[in-house]
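Residue numbers (our numbering): 21 to 351.
The structure appears right after this line, and notes come after that.
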Amino acid sequence: MKTFSISRALAGAALALGLAATVGNAQELRYAHVGAEGDIQTRYAAEAAEAIAEATNGEVTIQVFPASQLGGVAEMVDGVRMGSIGMGHHDFASLARIVPDVAVFNAPFIYRDGAHALEATDPASSPALQEINEKLIEEGGVRVIGRIYRGARHISSNFEVKSPEDLTGKPFRAVPLDLWVSMVKGFGATPTPVEVSELPTALMTGLVVGQENPLTMINANKLYEVQSHVAMTGHMQSILAVFVNEEAWQGLSQEHRDAITEVLDKKAHESLQWATESEAELVETLEGHGMTVITEEDGLDLNAFSERVLEQIRTDFPSYEPYIEQIGQLQ
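Printed below as a string of C-alpha cells:
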C-alpha cells in the first residue's frame with residue numbers, strides 16, 4: 021500500500037470533522053478493527069486496503085489499525101461516528117447503539133449458510149439492510165458499505181458441552197452487546213461481558229469458563245491454550261459489517277465510492293471462500309493442539325440450542341421479526 025508524508029495534527033483535524041485526510045492529491049482513511057493476526061477479518065482489511073489503493077490509482081489510501089490499536093469496539097464505533105476514525109468493521113450488533121435493530125444481522129440460527137448470510141447483508145441489494153442503513157446514516161452518520169464472512173461461530177469451553185443444560189449457571193463470555201447477552205442466556209449460561217483483547221486472560225483465570233467464536237479466531241488467539249473442548253454448534257454465521265463515516269464517504273468522488281464498494285464486495289465473497297476452505301483444516305489443527313471437537317455424531321443437541329436461543333431472542337427482541345422474515349425469503 022502506498023504511503024504519504026503528512027502532519028498527524030492536520031490529519032487528525034480533518035478526520036475530526038468527519039472528512040478523509042487529504043495527502044497531496046490523495047485522500048486517506050484510517051480503518052480500525054479488533055481482529056488479531058491470522059484472523060480472516062485481518063486478512064480482509066489488509067488486502068482490501070491494497071486493492072482500494074490500486075483501484076483508485078493511489079488517490080484513496082487506507083491506513084489499517086488492527087488488534088484494537090485505536091480502542092475496543094465501543095471506542096471504534098464512536099470514533100467512526102465522530103470521524104476520528106474513517107472506517108471500521110465489527111459485528112453488525114456493534115452498531116446497535118445507533119440503531120438497535122441492526123443487530124438482527126448477527127442473530128443466531130437465521131441464515132441457511134454463509135452464502136445466504138452474504139446475500140442478506142449486501143448493501144446494494146438487501147432490502148432489510150438498505151432500510152436499516154438509511155436509519156444508520158440519519159441517526160448516527162455511519163453507513164454500512166461492505167461485509168466480511170468469518171465462518172460459523174462455535175462454543176469453546178474447558179469441559180464437555182452437548183446441550184444447554186451443560187452450561188446452566190456457568191459464567192460464559194458474551195460479546196459486550198445486548199444480542200450476545202441474550203444469546204448466552206439462551207445457551208443456559210450466565211452472560212459475562214469481556215472485550216476480545218481481554219478474553220484469553222478471562223478464560224485462563226476462570227472469570228469465564230467458555231466463549232463462542234469462529235474457529236479462525238479460536239486458533240488465531242491460541243484459545244486452545246486455555247480451553248479443552250469445541251462444540252460445533254454453528255449457532256451464528258459470523259458476518260461483520262464494514263462501515264464508514266458518512267461525511268468522509270460523501271467527501272469521496274462517486275467514482276472512488278464505486279471502486280471501493282466493488283473491492284469490498286469482491287473481498288466479501290473471497291472471505292466466504294477462505295472460511296469455507298479453512299474450517300476442516302482448522303478442526304484438525306485444534307485437535308492437534310489437544311482440543312476435543314464435539315459434533316452431532318458425538319451427541320451435540322443442536323435442536324435444543326436452537327429452540328432455547330431463538331425463544332430467548334424473540335422474547336428480548338420482538339422488533340426483529342419482520343427483518344428475520346425478509347432475510348428468510350432471500351434465495
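By construction, the Cβ of each residue, glycine as well, lies at the ideal position given by its N, Cα and C atoms.
Owing to the predicted nature of the structure, the values given are computational and were not obtained by experimental measurement.
Q) CA-CA distance, Lys155 and Val162? A) 9 Å
Q) Alpha carbon to alpha carbon, what distance is there between Ser326 and Phe179? A) 21 Å
Q: Could you tell me whether the region 110-123 touches the region 270-277, using the rule of 3 or more Cβ pairs below 8 Å?
A: Contact fails: fewer than three Cβ-Cβ distances are below 8 Å.
Q: Given a cut-off of 9 Å, decide if Glu48 and Ile82 are closer than it, judged by their beta-carbon atoms.
A: In this structure, Glu48 lies closer than 9 Å to Ile82 by Cβ.
Q. The beta strand (DSSP E) spanning Thr315 covers which residue range?
A. That residue, Thr315, is in no beta strand (DSSP E); it is neither H nor E in DSSP.
Q: Pick out whichever of Ala251, Ala65, Ala135 and Asp98 has its Cα sitting closest to the Cα of Gln353.
A: Residue coverage of the chain in this structure runs from 21 to 351, which leaves residue 353 outside it and unanswerable.
**Q.** First through last residue of the alpha helix (DSSP H) which encompasses Ser326
**A.** Leu322 to Asp336
Q) Between Arg170 and Gln293, is the Cβ-Cβ spacing less than 9 Å? A) no
(Q) For the beta strand (DSSP E) containing Phe207, name the first residue and the last one. (A) Under the DSSP assignment, Phe207 falls outside any beta strand (DSSP E), being part of the alpha helix (DSSP H) whose first and last residues are Asp198 to Phe207.
(Q) For the beta strand (DSSP E) containing Val264, name the first residue and the last one. (A) Counting along the chain, Val264 sits inside the beta strand (DSSP E) bounded by residues His249 to Asn265.
Q) In angstroms, rounded to a whole number, what distance separates the CA positions of Ser25 and Ala68? A) Residue placement at Ser25 is flagged as unreliable, the pLDDT there being 29, under the threshold of 50; the coordinate-derived value follows with that caveat. Near 21 Å, if we compare the C-alpha coordinates of Ala68 and Ser25.
Q. So does the region 142-150 actually touch the region 235-254, counting three or more Cβ pairs closer than 8 Å?
A. no
Q: With DSSP collapsed to three states, give me the class of Ala87.
A: coil
Q: Would you tell me roughly how many angstroms separate the C-alpha atoms of Val229 and Gly189, rounded to the nearest one?
A: Looking at the backbone, the Cα of Val229 and that of Gly189 are separated by about 11 Å.
(Q) I need the boundaries of the alpha helix (DSSP H) containing Ile72, first residue and last residue. (A) Ile60 to Ala75
Q) Measuring CB to CB, does Glu79 end up less than 9 Å from His276? A) yes
**Q.** Asn126, enclosing alpha helix (DSSP H) - first and last residue
**A.** Run containing Asn126: none; DSSP gives neither H nor E here.
Q: Verify whether the separation of the beta carbon atoms of Asn265 and Met107 is less than 9 Å.
A: yes
(Q) Can you find the residues in the same chain that come closer than 6 Å, C-beta to C-beta, to Phe337, ignoring five residues on each side of it along the sequence? (A) none
(Q) For Met107, list the residues DSSP reports as bridge partners. (A) Beta-bridge pairing links Met107 to Tyr51 and Val264.
Q) Does the beta-carbon distance from Pro220 to Ala194 come in below 9 Å? A) no
Q) So, is Gly206 buried or exposed, given that buried needs 16 or more other C-beta atoms within 10 angstroms? A) buried
Q: Please report how far the alpha carbon of Phe263 lies from the alpha carbon of Asn153, in whole angstroms.
A: 10 Å
Q. Nearest CA to the CA of Leu235: which residue from His309, Leu197, Ala279 and Ile280?
A. His309
Q) Leaving out the 5 sequence neighbours to the left and right, which residues in its chain are closer than 7 Å to Thr141 when beta-carbon positions are compared? A) Phe125, Leu149, Arg167 and Ile259
Q.
Below 8 Å on the Cβ atoms is my contact criterion, and I expect Ile280 with Ala127 to pass it. Report the Cβ-Cβ distance as a whole number of Å.
A. Contact doesn't hold; Cβ gap of about 28 Å is too wide.
Q. What do you get for Lys242, buried or exposed, if any count of 16 or more other CB atoms within 10 angstroms of its CB means buried?
A. exposed
Q) Counting along the chain, where does the beta strand (DSSP E) carrying Ala172 start and finish? A) Where Ala172 is concerned, the enclosing beta strand (DSSP E) stretches over Val162 to Ser177.
Q: Give the range of the beta strand (DSSP E) segment to which Glu232 is assigned.
A: In the DSSP assignment, Glu232 falls within the unbroken beta strand (DSSP E) covering Gly230 to Pro234.
Q.
The beta strand (DSSP E) that contains Ala194, what's its start and end?
A. Pro191 to Ala194
**Q.** Ala261 and Ser104 closer than 9 Å at C-beta
**A.** No. Outside cutoff.
Q. Can you give the Cα-Cα distance for Ala46 and Asn77, rounded to whole angstroms?
A. 9 Å
Q) Going by Cα to Cα distance, which pick from Thr335, Asp59, Pro213 and Leu138 is closest to Gln351? A) Leu138
**Q.** For Ile118, three-class secondary structure by DSSP
**A.** coil
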